[in-house]
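Asks:
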Amino acid sequence: MLIKIKKPWELSENDVTSVGNYKTRRDFIKAAGIVTAAGMMAPYGALARTLTAAANPYDGRDIKEELTDKRAILGYNNYYEFGMDKSDPSDNAHSLITVPWSITVDGHCEKPGTYGVEDLIDFNALEERIYRMRCVEAWSMVIPWVGVSLSEIIKKLEPTSKAKYVYFETLEDEAQMPALLRGVIKWPYKEGLRMDEAMHPLTLMAVGIYGETLANQNGAPLRLVVPWKYGFKGVKSIVKISFWEDEPNTSWMRLAPHEYGFYANVNPEVSHPRWSQAKERRIGDFSRRPTLKFNGYGEEVASLYAGMDLRKNY
Ligand code: MTE
Numbered sequence: 001m002l003i004k005i006k007k008p009w010e011l012s013e014n015d016v017t018s019v020g021n022y023k024t025r026r027d028f029i030k031a032a033g034i035v036t037a038a039g040m041m042a043p044y045g046a047l048a049r050t051l052t053a054a055a056n057p058y059d060g061r062d063i064k065e066e067l068t069d070k071r072a073i074l075g076y077n078n079y080y081e082f083g084m085d086k087s088d089p090s091d092n093a094h095s096l097i098t099v100p101w102s103i104t105v106d107g108h109c110e111k112p113g114t115y116g117v118e119d120l121i122d123f124n125a126l127e128e129r130i131y132r133m134r135c136v137e138a139w140s141m142v143i144p145w146v147g148v149s150l151s152e153i154i155k156k157l158e159p160t161s162k163a164k165y166v167y168f169e170t171l172e173d174e175a176q177m178p179a180l181l182r183g184v185i186k187w188p189y190k191e192g193l194r195m196d197e198a199m200h201p202l203t204l205m206a207v208g209i210y211g212e213t214l215a216n217q218n219g220a221p222l223r224l225v226v227p228w229k230y231g232f233k234g235v236k237s238i239v240k241i242s243f244w245e246d247e248p249n250t251s252w253m254r255l256a257p258h259e260y261g262f263y264a265n266v267n268p269e270v271s272h273p274r275w276s277q278a279k280e281r282r283i284g285d286f287s288r289r290p291t292l293k294f295n296g297y298g299e300e301v302a303s304l305y306a307g308m309d310l311r312k313n314y
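Take the sequence shown: its position 269, counting from 1, is numbered 269 in our numbering, and each next residue is one higher.
So this is what it looks like as structure tokens:
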């Protein structure tokens, strides 16, 4: 099924399926935000989709983009709290308890406090966004996320003029996360965005994939998606949102500051010290494809970095 749209991120669920299905799925997700999704399937079978030429930045290079198979999205993961191998998160993350869930909000904002997922996410306003995801390890996927713009959440929390950055933390609980004790990273997993990045319309707080509630291994019940940045910016299972004046020191910056920077914008011109970022392997493909600057979203986001040296600010 071909979708006729201008930009992939402008996809609404109406663009990709019938209105009837749309309503069913919305209703499903609405319910799923509060109850467990076990056994319920969203009507996605018919949606083997290819982005149209208009939506496809590879246009002219004869490289088509298709949604990554759901089994790969659910089975090939990075979530080090559950183990280092790509299959560990799907094998182990069943121990994560996502209901009830609370998120602490603090720092420079008018509405600090403790919130439930449904306080922050308007489950009547969920959107589907089909985004490329490029991992810093040089593999990529195309994922149909479900969520809301992060800006909608931030507006509710009313940051003050002192808030220049948004900081996020993942849950840290040894009882639920078997690999925490092995301590690769200094837990909890920490990430952050500059305020203008956080408010950009492409930045998504996801609660679902393929029309279903997020699986634990993908970061249930809510995780960040910043499609023009390497996947590690997409902090999972968020329990804390803070508004800071200073740039946060994130998990990967702490671990290897010469390899991972705060910005982490996808950039084929800036190699990782140990490998090139010029190409990537789309999961499901045999051959590698060229990596696009800002992961193909440059038209929308390049202006955020005008005048910045992207080699220094990697
Ligand atoms: N968030 C937490 N808490 N722990 C992690 O190990 N891995 C990151 C990011 N978010 C990670 C995380 C990395 S390296 C990537 S590529 C993406 O999650 C992978 O998301 P996915 O498994 O849903 O594809």
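Yeah, the Cβ is synthetic: ideal placement off N, Cα and C, and Gly gets one too.
1) Would you say Phe232 touches ligand 1, meaning its beta carbon is less than 7 Å from a heavy atom?
2) In the DSSP assignment, find the alpha helix (DSSP H) that holds Ser102 and state where it starts and stops.
3) Where does Met253 fall in DSSP's three states?
4) Tell me whether Gly192 sits in a helix, a strand or coil according to DSSP, three-state version.
5) Quick one: does the C-beta of Gly219 sit closer than 7 Å to a heavy atom of ligand 1?
6) Quick one: give me the first and last residue of the beta strand (DSSP E) that Ser206 is part of.
7) Straight-line CA distance for Met199 to Tyr305?
8) Looking at the secondary structure, which residues open and close the alpha helix (DSSP H) in which Lys70 lies?
9) Going by Cα to Cα distance, which pick from Leu96, Leu120, Lys155 is closest to Thr104?
10) From Ile173 to Leu180, what distance separates their C-alpha atoms?
11) State whether the stretch 177-192 contacts the stretch 140-147, with contact taken as three or more CB pairs (one from each stretch) at a distance under 8 Å.
12) Select from Tyr79, Leu67, Glu65, Lys64 the residue whose C-alpha is nearest the C-alpha of Gly219.
13) Which of helix, strand or coil does DSSP assign to Glu65?
14) Checking the sheet assignment: what are the DSSP bridge partners for Glu127?
15) With three or more C-beta pairs closer than 8 Å as the rule, is the stretch 121-139 touching the stretch 263-280?
16) Going straight from the alpha carbon of Glu245 to that of Pro112, what length do you get?
Replies: The answer reads as follows:
1) Taking the first residue of the sequence shown as 1, we reach residue 232 at position 232. For ligand 1, at least one heavy atom lies less than 7 Å from the Cβ of Phe232.
2) In the sequence shown, counting from the first residue as 1, residue 102 sits at position 102. Careful: Ser102 lies outside any alpha helix (DSSP H), inside the beta strand (DSSP E) at 102-107.
3) Mapped onto the sequence shown, residue 253 falls at position 253. Three-state result, Met253: helix.
4) Stepping through the sequence shown from its first residue, residue 192 is reached at position 192. Looking at Gly192 - three-state DSSP - the assignment turns out to be strand.
5) In the sequence shown, residue 219 corresponds to position 219, counting from 1. It does: the Cβ of Gly219 is within 7 Å (strictly closer) of some heavy atom of ligand 1.
6) Counted from its first residue, the sequence shown places residue 206 at position 206. Reading off the sequence shown, one finds Ala at residue 206, where the question assumed Ser. 204-209 is the extent of the beta strand (DSSP E) around Ala206.
7) Looking up residue 199 in the sequence shown gives position 199. Looking up residue 305 in the sequence shown gives position 305. Between the C-alpha atoms of Met199 and Tyr305 there is a straight-line separation of about 14 Å.
8) Numbered from its first residue, the sequence shown carries residue 70 at position 70. Run containing Lys70: 70-75, per the alpha helix (DSSP H) assignment.
9) For this step, residue 104 is matched to residue 104 along the sequence shown. If we check each option's Cα against that of Thr104, Leu120 comes out closest.
10) As a working note, residue 173 is residue 173 in the sequence shown. As a working note, residue 180 is residue 180 in the sequence shown. Checking the sequence shown, residue 173 turns out to be Asp, not Ile. Cα to Cα, Asp173 sits roughly 8 Å from Leu180.
11) They do not touch, by the three-pair rule.
12) Residue numbering aside, residue 219 sits at position 219 when the sequence shown is read from its first letter. That would be Tyr79, whose Cα lies nearest to the Cα of Gly219.
13) Taking the first residue of the sequence shown as 1, we reach residue 65 at position 65. If DSSP states are grouped into helix, strand and coil, Glu65 belongs with coil.
14) Position 127 of the sequence shown, counting from 1, holds the residue named residue 127. For Glu127, which the question treats as bridged, DSSP gives the partners Gly147.
15) yes
16) Here residue 245 refers to the residue found at position 245 of the sequence shown. Here residue 112 refers to the residue found at position 112 of the sequence shown. Cα-Cα distance, rounded: 15 Å.
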